[in-house]
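As structure tokens, the structure follows; a few thoughts come after it.
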Amino acid sequence: MTRSRSVLGLTFVATLAGGAMGPRAAAQSPDAIVAGRYVAADGSLKSGAAVLLNGEKISAIVPEADLSDTSEVVRYPGAVLCPGLIDVRSQLGAFGNAVETAHAVDPAASAIDSVDWDHADFVAAMQAGITTVMLTPSANNLVSGVASTVKTASPQGRHTVLRADGPLMFALGSSVWVYDREPTSRVGSLAMLRAVFDQAGRGQLHPRLQAFVGGKLDGMVVCGEAMDVSAAIRTFRGLGSSVAIGYTGDEHDLADELGSADYSVVVGPYSFAMTPRTLATAGAFATKGVSVAFAARTPMRSFDALRITASLAVRHGMDASAARRAMSTVPAIIAGVAKRVGSIQPGLDADIVVFSDDPLRLSARVLAVYVGGALVYTADHQARGDRQAGGQSKHLSDSAGRKRRGASRSGERSRASVLAGGG
Amino acid sequence: MSLDPGAPGVALGKPILNRTYPTNSRTHNRVDRYGLIGLCVLCASIPFIQPPLAQAQPAMAGSFLSGRALVIRNARIVDGAGRVIPKADILIRGKRIVAIGEKVKAPFLARHIDAAGRTITPGLIDGWSALGRVGRNGGGDPTTNAWDAFDRYDREAFREALRHGVTTVYLGPGGGGGINGTGVVVQLVPQEGHTAGVALDGTGVLAINLGSSAKAIKRASTFQGIRQSFRKAVEYRKALEDYEEDLKEYIEKLEERRDESDADESKEESKGESEGEVDDDEDAPSDDAPAPEDKPEPTPTPKPTPDRRAARGGTPRLADNGDDGDENGDKPGKNGDEDNGDGEEKEDEDELKKPQQPARDPASDVLLRAIDHELLVRITAHRSADILNALALGKEFNLDIVLEGATDAYLHAEALADADVPVVLGAVSRSGVFQDNEFRRHTAHSAALLGKAGVRWIVGSGAASPQSSRFVGFNTQLAVGHAAGDMDWLSRVTRDAANLLGVANVTGRIARGLQADLVIWNGDPADPGSTVERVIVQGKVAYVADSNVAGGGR
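So the protein sequences, as listed, match chains A and B. Just so you know, my numbering puts the end of the first sequence at 410, numbered straight through with nothing missing. Just so you know, my numbering puts the end of the second sequence at 562, numbered straight through with nothing missing.
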């Protein structure tokens, strides 16, 4: 009697303790995650593999058959493992407050300075599969400081800052000349910018500008119209360690100029109201070999905007693998954090989102999110209706090698966390 | 003789059959006439005698050929009701599917489409669309028809919708708070004369907007105004019914009097008296008797227009009694059975006053159709208070209501389920900022929560922009993606939408007897990489993809 009561008491205390430490602390990183398919480094869907984890990192991808019996394996039959999505033009936690427009050239600013780390949008973004965001100022200054790249959730409960010193952010277009200060025109914008680069090249102005002109700092130029893109290509030639151009217009012919300058492009987000030509631009660029990344501009647009952009681009001709890379791999390169995140590859952080289907399909949903190898979100079991094995997806599936979409995901393995709100 | 239209000298008007007939002058003329007619018929049919088409072409290309049956072979069919047929043929005649089966026997001269490797689904249905909207729709007038406000010639917009598999849309009147007119279901099939779509009969829906103003007090007063309009309609009907009864009584009394007067007349005649004013004597007790030919009276018409219309025949219900020719017999004010208390003499006169027909009220006529369940009532409401008001309106006047928008509906899911009120949701994914308005409590899980409580729901494009109609499939997928549980997005946007719009006996599924509204995809329609190759609407090929597949080029 006494013994069982004390066991009960111990269990009770242990549970309390476990709860007090927080679900993230209690969750341990599994040894391996297995799903029906995963998104490979080239953006294609491959099957039959297990992703091995080693603490916070991915250690290897091996055939599922090679898994040893002693590993702690989490299985998601029929699901798709995707690298955590990355929004490369975000103002999460900083909306409305991320740029100083008194002076059009403001290299000293840092987007990270205005972030509210406790904002609920971080959780909402993570639950939509966005595990990393690059915080950028609005495109209202010629030079608006440096962007910062942070994770939207972390096992340790604090936001991992992957990078705080770049890229340097520029903007060209009508959004720059609407304020009561210089420049007030396109002509003025480019004259000012050239003057700034001249001076920085001579060792004047802010060290960031000097580093950029000297080819030691990367940059991103957000452009409004196609002529702003052409102007950017002309003006930034030879500058910056790498340059990305933000452009969500419909001028397909820019692909040649962009290709020859070896600039990547940040496109999006796309909306259902845009013209067919605009929606086809991402595909037109990708077909010509330009590196394309999608942006969701969270929180101004919905948290589904990244996948909506990808779906619309694919429907209008973009290659599906390129579209998947555009949601995580290319943004990581543009943000300068490709050595940490962006694809499911050995050596990178285990930031993995488990989708119920190909993430390009808008009917796919997030089943679980791992950041740094730890489960930080699992979709709410109770909200799930009756899942028939196979169900609808059996009817519409046409690939012989595809596993059946089975019942729900592991979740039983760890008790962790439906953070704020659940499914 | 060659009928090549390019050949010169096809002489019109020259009788060519002349030679084979005797040259009798009368026959000559007849032959001339017949020959001329025959030639005209032949020439008129030249455009339709084209090299036989192996593949079906868009409908406008040859109307003679479009009368032929259409067979689609070897298709994988997803029928919209959750069933998949791995391989079958579909036979279409006229507008309808007449057969689905393994090897359908093709009738003579049928057109063929080989759909091997393709997937066929029903046409997608956007239950809340603004396709073809130009500028702002008006509002506030229940008698307007939404289809009149849309650009039915906007072939580009309609084609872009077909390109993404949308064949049928519900178009509602826009407008602010109030009763804004009737919406209608439109199918995107080219018609004669450049029209790009056709409205389906019997699909009218009365559209009411409860949610447009940001001010609560304005929304409340709008709602009261709407209730007032419905009450007015009910009273209007009562007034019409009363009028009919009164009119009947009046006619009967007239008959009685005439009979009496005839009887008296014959009595008097038999007495041998002849007075000039016999007729008038009989009518003497009431000076205001119906004898318009004798007494030109001023025509009191407090509302000239309706009365004239009434006199000309009125509404069908009143047609039989409306035209007694008593244009001058209308008296102001009272119905026949009112007693003005002036004494016995006057009572007679009052009884024979023709009752005045209530003025026509077209707006109330529309509302009565809603009360009679001929029209569904579609209420746009987002906030909780407006949703509850909508339910109350439905209950008070016994209306069949559908909620549109319904952002807060998930908070009242049980009440909606109990009242069996279905919901049309709009954009599923919304930004979280700038939402200090009717979308403040928006959630992408709305559909899931409603479904769990047993509320019927579909997803439309939301009518925020005309162009988003084409992506109703994607929007529906988002709703399904945010719903826990496996849900068939395709059935939601085909069969379920057809049910909610009241066109399930026409479209929404691939089944024998239903209309042929089909989309031929070159892959799995759930895969965004799949594109539409062909769309058939009402049995006609309404869309064929350009050969330039990548991005469509436009």
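We put the beta carbon where it would ideally sit given N, CA and C, even for glycine. The structure displayed is predicted, hence computed values, not measured ones.
Distance CB(residue i)-CB(residue j) smaller than 7 angstroms
{"i": "B/Trp136", "j": "A/Ser350", "result": "no"}
{"i": "B/His390", "j": "B/Thr415", "result": "yes"}
{"i": "B/Val463", "j": "B/Leu424", "result": "yes"}
{"i": "A/Val86", "j": "A/Asn127", "result": "yes"}
{"i": "A/Ser176", "j": "A/Pro170", "result": "yes"}
{"i": "B/Val549", "j": "B/Arg171", "result": "no"}
{"i": "A/Val301", "j": "A/Ala292", "result": "no"}
{"i": "B/Leu255", "j": "B/Pro363", "result": "yes"}
{"i": "B/Leu457", "j": "B/Ala421", "result": "yes"}
{"i": "B/Arg81", "j": "B/Pro94", "result": "no"}
{"i": "A/Ala66", "j": "A/Ala22", "result": "yes"}
{"i": "B/Ala169", "j": "B/Arg478", "result": "yes"}
{"i": "A/Leu155", "j": "A/Leu122", "result": "no"}
{"i": "A/Val209", "j": "A/Ala158", "result": "yes"}
{"i": "B/Pro115", "j": "B/Ala154", "result": "no"}
Rounded distance between the beta-carbons of residue j and residue i, thought under 8 angstroms
{"i": "B/Tyr418", "j": "B/Thr451", "result": "7 angstroms"}
{"i": "A/Ala309", "j": "A/Val279", "result": "7 angstroms"}
{"i": "B/Gly440", "j": "B/Asp134", "result": "Not quite, the Cβ-Cβ distance comes to about 25 angstroms (not below 8 angstroms), so this is no contact."}
{"i": "A/Ala134", "j": "A/Gly160", "result": "In fact, because the Cβ distance is near 18 angstroms, the residues do not count as touching under 8 angstroms."}
{"i": "B/Gly140", "j": "B/Asp162", "result": "5 angstroms"}
{"i": "B/Arg104", "j": "B/Leu522", "result": "7 angstroms"}
{"i": "B/Gly593", "j": "B/Gly210", "result": "No statement about residue 593 of chain B is possible, as the shown extent of chain B runs from 9 to 562 and does not include it."}
{"i": "A/Ile321", "j": "A/Ile48", "result": "Not confirmed; about 24 angstroms, so no contact."}
{"i": "A/Gly80", "j": "A/Val102", "result": "4 angstroms"}
{"i": "A/Tyr250", "j": "A/Ala271", "result": "15 angstroms between Cβ atoms; not a contact."}
{"i": "B/Ser499", "j": "B/Ala89", "result": "6 angstroms"}
{"i": "B/Ala427", "j": "B/Leu399", "result": "6 angstroms"}
{"i": "A/Val277", "j": "A/Met207", "result": "Wrong, their Cβ atoms sit about 15 angstroms apart, outside the cutoff."}
{"i": "B/Leu433", "j": "B/Asp408", "result": "Not a contact, Cβ separation roughly 19 angstroms."}
{"i": "A/Phe290", "j": "A/Ile117", "result": "7 angstroms"}
{"i": "B/Asp87", "j": "B/Ala519", "result": "7 angstroms"}
{"i": "A/Ala187", "j": "A/Gly132", "result": "So it is not a contact: roughly 15 angstroms between Cβ atoms."}
Residue i CB to nearest heavy atom of the ligand FMN below 6 angstroms
{"i": "A/Ala112", "result": "As far as ligands go, the structure on display features none, and thus does not contain the ligand FMN."}
Residue i burial status per 10 Å Cβ neighbour count (16 or more: buried)
{"i": "B/Asp554", "result": "exposed"}
{"i": "B/Tyr258", "result": "buried"}
{"i": "B/Gln443", "result": "exposed"}
{"i": "B/His490", "result": "buried"}
{"i": "B/Cys48", "result": "exposed"}
{"i": "B/Trp529", "result": "buried"}
{"i": "A/Gly211", "result": "buried"}
{"i": "B/Leu208", "result": "buried"}
{"i": "B/Pro536", "result": "buried"}
{"i": "B/Pro533", "result": "buried"}
{"i": "A/His303", "result": "buried"}
{"i": "B/Ile225", "result": "exposed"}
Nonlocal neighbours in the same chain, by C-beta distance under 7 angstroms from residue i, ignoring five residues either side
{"i": "B/Leu376", "result": "Ala241 and Arg245"}
{"i": "B/Asn483", "result": "Ala435, Val436, Val467 and Ser469"}
{"i": "A/His146", "result": "Trp104, Val137 and Lys138"}
Beta-carbon contacts of residue i that lie in its chain and below 6 angstroms, excluding the five residues immediately before and after
{"i": "B/Ala435", "result": "Gly470"}
{"i": "B/Glu252", "result": "none"}
{"i": "A/Val363", "result": "Ala140 and Val356"}
{"i": "A/His106", "result": "Gly80"}
{"i": "A/Thr296", "result": "Gly255, Pro256, Tyr257 and Phe281"}
{"i": "A/Ile339", "result": "Leu68 and Tyr357"}
Own chain, CB closer than 8 angstroms to residue i, minus 5 neighbours either side, in chain order
{"i": "B/Gly547", "result": "Leu78, Ile100, Arg101, Gly102, Lys103, Arg104, Gln523 and Ala524"}
{"i": "A/Asp53", "result": "Ala37"}
{"i": "B/Met495", "result": "Gly459 and Val488"}
{"i": "B/Gln485", "result": "Trp497 and Ala534"}
{"i": "A/Met179", "result": "Ala91, Val92, Leu129, Glu169 and Pro170"}
> Given 8 angstroms as the limit, is there contact between the region 73 to 87 of chain A and the region 281 to 288 of chain A, that is, 3 or more CB pairs closer than that?
Replying inline: Yes, the region 73 to 87 of chain A touches the region 281 to 288 of chain A.
>> Could you check whether the region 255 to 265 of chain A touches the region 226 to 236 of chain A, counting it as contact only if at least three pairs of C-beta atoms, one from each stretch, sit closer than 8 angstroms?
In response: With a cut-off of 8 angstroms, the region 226 to 236 of chain A and the region 255 to 265 of chain A count as touching, because enough Cβ pairs lie within range.
>> Taking 8 angstroms as the cut-off, does the region 191 to 207 of chain B touch the region 232 to 239 of chain B (at least 3 CB pairs, one atom from each stretch)?
In response: No, they do not touch.
>> Would the region 393 to 400 of chain B count as touching the region 209 to 229 of chain B if we require 3 or more Cβ pairs under 8 angstroms?
In response: Yes: at least three Cβ pairs fall under 8 angstroms.
> When the Cβ atoms of the region 36 to 43 of chain A are set against those of the region 193 to 211 of chain A, are three or more pairs found closer than 8 angstroms?
Replying inline: Too few Cβ pairs lie closer than 8 angstroms, so no.
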